[in-house]
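S.K.:
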Amino acid sequence: MSIDPRVALQSLTTALEEHLIAASNRRGDGDPAVEAAFFAVSDAFEVYEDALYEAYNEVTPLQVFDDEEDEDDKARIDDDEDLEILED
1 MSIDPRVALQ SLTTALEEHL IAASNRRGDG DPAVEAAFFA VSDAFEVYED
51 ALYEAYNEVT PLQVFDDEED EDDKARIDDD EDLEILED
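Quick note on numbering: the sequence shown equals residues 1 to 88 in the UniProt record's numbering.
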């Protein structure tokens with residue numbers, strides 16, 4: 001069953017608004033409301049991206065990263081920095 005991209009976009013917009021509210025009311029590091037809102041944005045974005053692609057064969061210029069990808073990216077950056085040092 002396909003989802004209308006406009007409906008998915010509205011859900012993403014709502015998730016972003018709820019994230020802003022949670023962030024502005026943060027009660028310290030690791031606030032569960034902020035974390036839940038963060039994941040809601042991520043989930044809503046993926047639904048929107050899928051709906052957009054299915055309906056129009058189009059994607060956004062945005063990408064959601066998870067912690068595992070962030071660690072891989074950091075490792076690549078560290079490797080690149082090591083290469084630059086060796087080249088000097």
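Note that the Cβ used here is the ideal one computed from N, Cα and C, for glycine as well.
1) Distance, Cα to Cα, A37 vs F65?
2) Going straight from the alpha carbon of E54 to that of Y48, what length do you get?
3) Give the straight-line distance between the Cα atoms of residue 142 and Y56, rounded to the nearest whole angstrom.
4) Would you please state the rounded distance, in angstroms, between the beta carbons of V41 and A23? I believe it to be under 8 Å.
5) Quick check: what's the CA-CA separation for N25 versus E17?
6) What residue range does the alpha helix (DSSP H) around D29 cover?
7) Whole-angstrom Cβ separation of E58 and L52, contact assumed at under 8 Å?
8) Which value, in whole angstroms, describes the spacing of the CA atoms of P32 and I21?
M.R.: Here's the rundown:
1) Rounded to the nearest angstrom, the two C-alpha atoms are 16 Å apart.
2) In a straight line, the C-alpha of E54 is about 10 Å away from that of Y48.
3) Outside the displayed range of the chain (1 to 88) lies residue 142, so it cannot be described from this structure.
4) That pair is no contact at about 11 Å.
5) 13 Å
6) Unbroken run through D29: none, as it is neither H nor E.
7) 5 Å
8) 13 Å
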